[in-house]
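Asker:
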Amino acid sequence: MTPPARRDGTPDKKRRDSDMLLSNAKPARHQHVSKKKQKATADSVAKELGADWLVDEQGNRKGERLQKVLAKAGVASRRHAEILIDQGRVEVNGNIIVKQGVRVNPSVDVIRVDGVRVNVNEEQEYFILNKPRGMQSTMSDEMGRPCVGDVIAERVAAGKRLFHVGRLDADTEGLLILTNDGELANRLMHPKYEITKTYLAEVLGEADNRLVKQLKEGIELDDGLAKADFVQVVDKNQGFSLVRVELHEGRKHIVRRMLKEAGFPVQRLVRTKMHTVQLGDMKPGSMRALNDAELTSLYKAVGM
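So for the sequence shown, numbering that gives the first Met the number 0 puts the first residue at 0; every next one is plus one.
(1) In angstroms with no decimal places, state the Cα-to-Cα distance between I151 and S285.
(2) I'd like the span of the alpha helix (DSSP H) that includes K319, first residue to last.
(3) Terminal residues of the continuous alpha helix (DSSP H) containing N213?
(4) Going by C-alpha distance, which of Y198, N92, G302 is nearest V107?
(5) Look up M235 in the DSSP assignment and give the residues it is bridged to.
(6) Going by DSSP in three states, L161 sits in which element: helix, strand or coil?
(7) Please state the DSSP three-state secondary structure of M257.
(8) Just tell me which of E193, A261, D222 has its CA closest to the CA of V211.
(9) What is the DSSP secondary structure of T195, reduced to helix, strand or coil?
(10) Where does G321 fall in DSSP's three states?
(11) First and last residue of the beta strand (DSSP E) that includes G223?
(12) Assign P105 to buried or exposed, taking buried as 16 or more other Cβ atoms, counted over all protein chains shown, within 10 Å of its Cβ.
(13) When DSSP builds the beta bridges, which residues end up paired with R267?
(14) Excluding the 5 residues preceding and the 5 following E293 in the sequence, name in chain order all residues of the same chain whose CB lies nearer than 6 Å to its CB.
(15) Run the CB neighbour count on L224, radius 10 Å, all protein chains shown included, and call it buried at 16 or more, exposed below.
(16) Assuming R116 and V109 are in contact, meaning their beta carbons sit under 8 Å apart, how far apart are those beta carbons, in whole angstroms?
(17) Give me the Cα-Cα distance between I84 and E63, rounded to the nearest whole angstrom.
(18) From this set, N120, F126, R77, E122, which residue's C-alpha is nearest N290's C-alpha?
(19) Spatial neighbours of K299 within its chain, please: C-beta separation below 8 Å, excluding the five flanking residues on both sides.
(20) Could you give the uninterrupted runs of the alpha helix (DSSP H) lying entirely in the region 96-154, keeping only those of 4 residues or more?
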């Protein structure tokens, strides 16, 4: 038997045959799995996740690895994401995942960590616009008036389709959510989820607790009774008052009509909050992206 060679290529004469180590390892089982079985396994994974797209015609699994998707979303490092999966803290489309290497489609699949939804779709965008007074809540205006579309013109030109969640009339200022997530937008506007909106109204007249009681008990309008969830007289001075009104009503001009019917015509109206998303100190006409906490809160409010 030819002695083993050294690194320089010359035989190692000192090493004996008896010094050679023999491996006692058994051959790996299922080294040659049929393509039919591979496809069956991949199909079962896809079925478990409710995602048939995960398997192509050859039975190969597609998509991105779950731990990589979580890392890209900023949830954790890949290694920590693997630990979260091992601990059964990650779910995809309602199914708890405990196996490594599962592939997902970030554009379609709903992923949660500890029950909280994670935004993993890089194509979806969420913004807050502080709509100024006089701006139309439309993406274009036939009369050439300033509109929301003017603010996002560059993004639209880049091929990004954003739309506003609900409307504010031209004379009303404040918070307007812009997104390309149609499902979230539809749910935020649906009466079923009772998403609260908060307004600051400057009204003519010095308001008191009688107005608070009246708005909370309900104001009869031409299209039915309208109630506020919360009312506060913030300030009053020289014949004017500042009133905070919170409600989940979505009827047109609802706050203006309620206050007018109560005898306090609105001089200025600003929407400051939608659910937990607040306008803060944003300047009129400015726009910012929603942060993770705000987006998670909206997801939870509408059951996504």
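We treat Cβ as the ideally placed atom computed from N, Cα and C, and that holds for glycine.
Answerer: On the basis of the coordinates in this document:
(1) 11 Å
(2) Residue 319 lies beyond the range of the chain shown here (0 to 303); nothing can be said about it.
(3) At residue 213 the sequence reads Gln, which differs from the Asn that was named. Start and end: 208-216.
(4) N92
(5) Per the sequence presented here, residue 235 reads as Lys, with Met not at that position. S240.
(6) coil
(7) helix
(8) A261
(9) coil
(10) Shown here, the chain extends from 0 to 303; a query on residue 321 therefore has no answer.
(11) 223-225
(12) buried
(13) E201
(14) V276
(15) exposed
(16) 7 Å
(17) 15 Å
(18) F126
(19) V115, R116
(20) 147-150
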